[in-house]
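Here is the structure we will look at.
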Amino acid sequence: RMAMVGDALLREDQRLPNQLRALAAEPGALSRANGSARFSHDGTQVLAAVWGPGEVRRARERPDRATLEVVVRPHAGLAGPLERELEQLLLSTLAHVVLLALHPRTLISVVIQPLMDDGALLAVAMHASCVALMHAGIPLRGMLGACTVALTPDRRVLLDPSRSEEAAAAAIATLAFLVRLPSAAAADGPCELLLSHATGGISRSEIEMLMDLTRQAAQASVRFCRQAMLAGREPLAPPTLSLGKLAATETLA
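What follows is the structure in structure tokens.
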């Protein structure tokens, strides 16, 4: 449900349709892992831990590259179809991000635990994974930026939807990009599409439009991830990001 305030169309949480939720990141959230991060998009929060490169069982050993595994552990109860699907989507995406050839005959393990789910869980898990891999010092081809979008029954686009917006949507898509920013001050850089995962009916023209929108959102998220790594565990003022430009609360270079 949305409401008009002046000339602006506001969502239930008072965001504009093209506005991301506030981001927060805590690299090094766990002390026993080689790398870790807690990442949140407002009400959706994910904890990621990375172990490795380490010893791998002979049956899983790859002579030319590291073996990458992703495990999703539910916050409560036993793993089910949702966790298995998340594992496969994360594994297929991260396999194109991590430079596996630099560590042959080893294992790199990424463990994901959703703590709260208020929508866009896959995108948040990807951001948490990326920051945790960086914190572990794992060589990457670039940084991973992702964005979930919801299409309402009247075909309005909502960036970074909440769980209630996802439930009411006619279609939901998550797109993930490998983003290479040439410098800390760069506003954008080359983006390579790694994943396009959709449920519901989306036309080819809508997908092309969503790619442009989510690419900008992914670049904004990557800038935040980079700043979070530079700040370490010091808290960052959470930015509220609008498509194509940053709101006044943004503190990034």
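The sequence shown: position 251 = 267 (my numbering), numbered continuously.
Note that CB positions come from ideal geometry on N, CA and C, so glycine has one too.
Who are the near neighbours of residue i in its chain, counting only those whose CB is closer than 8 Å to its CB and skipping five residues on each side?
i, result
"proline 33", "Met18, Leu25, Arg27, Arg172, Val173, Leu174 and Leu175"
"glycine 205", "Val195, Arg196, Leu197, Pro198 and Gln235"
"isoleucine 223", "Ala189, Ser212 and Ala214"
"leucine 46", "Ser52, Leu63 and Ala65"
Among the candidates the options, whose CA atom is the shortest distance from the CA of residue i?
i, options, result
"isoleucine 124", "His143, Val87 and Gln232", "Val87"
"glutamate 75", "Pro177, Val126 and Arg121", "Residue 75 is actually alanine in this sequence, not glutamate. Of the listed residues, the one whose Cα sits closest to alanine 75 is Arg121."
"alanine 38", "Ala45, Ala49 and His57", "His57"
"leucine 229", "Asp29, Leu84 and Leu36", "Leu36"
"tryptophan 67", "Asn50, Met159, Leu156 and Ala166", "Asn50"
"aspartate 80", "Glu101, His119 and Arg100", "His119"
"leucine 116", "Arg157, Ser180, Arg220 and Pro90", "Arg157"
"cysteine 207", "Arg242, Ala40, Ala187 and Met159", "Met159"
"arginine 48", "Val140, Val127 and Arg100", "Val127"
"phenylalanine 55", "Ala141, Gly70 and Ala186", "Ala141"
If we ignore side chains and look at the alpha-carbon of each, how far apart do residue i and residue j end up?
i, j, result
"alanine 192", "cysteine 163", "7 Å"
"glycine 153", "aspartate 170", "45 Å"
"glutamate 182", "arginine 73", "40 Å"
"aspartate 29", "phenylalanine 240", "22 Å"
"leucine 197", "alanine 95", "36 Å"
"alanine 271", "arginine 78", "The displayed coordinates of the chain run from 17 to 269. Any statement about residue 271 would go beyond what the structure contains."
"glutamine 104", "glycine 217", "22 Å"
"methionine 227", "leucine 138", "17 Å"
"alanine 184", "valine 165", "12 Å"
In or out: residue i buried (at least 16 other Cβ within 10 Å) or exposed?
i, result
"threonine 215", "exposed"
"histidine 143", "buried"
"proline 327", "Nothing can be reported for residue 327: it is not among the residues displayed for the chain, which extend from 17 to 269."
"leucine 167", "buried"
Got a sec? Which residues, its chain only, sit under 7 Å from residue i by beta carbon, not counting five neighbours each side?
i, result
"glycine 93", "none"
Leaving aside the five residues before and after residue i along the sequence, list all residues of the same chain whose C-beta is less than 6 Å from its C-beta, in chain order.
i, result
"leucine 210", "Thr109, His112, Ala192 and Leu194"
"arginine 89", "Gln129"
Flag residue i as yes when its Cβ comes closer than 6 Å to any non-hydrogen atom of the ligand NAD, and as no otherwise.
i, result
"alanine 183", "The ligand NAD is not part of this structure, which contains no ligands at all."
>> I'd like the ranges of any beta strand (DSSP E) spanning at least 3 consecutive residues and lying wholly in the stretch 57 to 99.
In response: Every beta strand (DSSP E) of 3 residues or more that sits fully in the stretch 57 to 99 is shown, in chain order, as 60 to 70 and 83 to 88.
>> Could you tell me which whole beta strand (DSSP E) segments of length 3 or greater appear in the stretch 20 to 48?
In response: Taken in chain order, the complete beta strand (DSSP E) segments of 3 residues or longer contained in the stretch 20 to 48 are 24 to 26 and 39 to 43.
>> List, from N- to C-terminal side, the alpha helix (DSSP H) runs of 4 residues or more that fit wholly inside the stretch 111 to 172.
In response: Listed in chain order, the complete alpha helix (DSSP H) runs (minimum 4 residues) inside the stretch 111 to 172 are 137 to 151.
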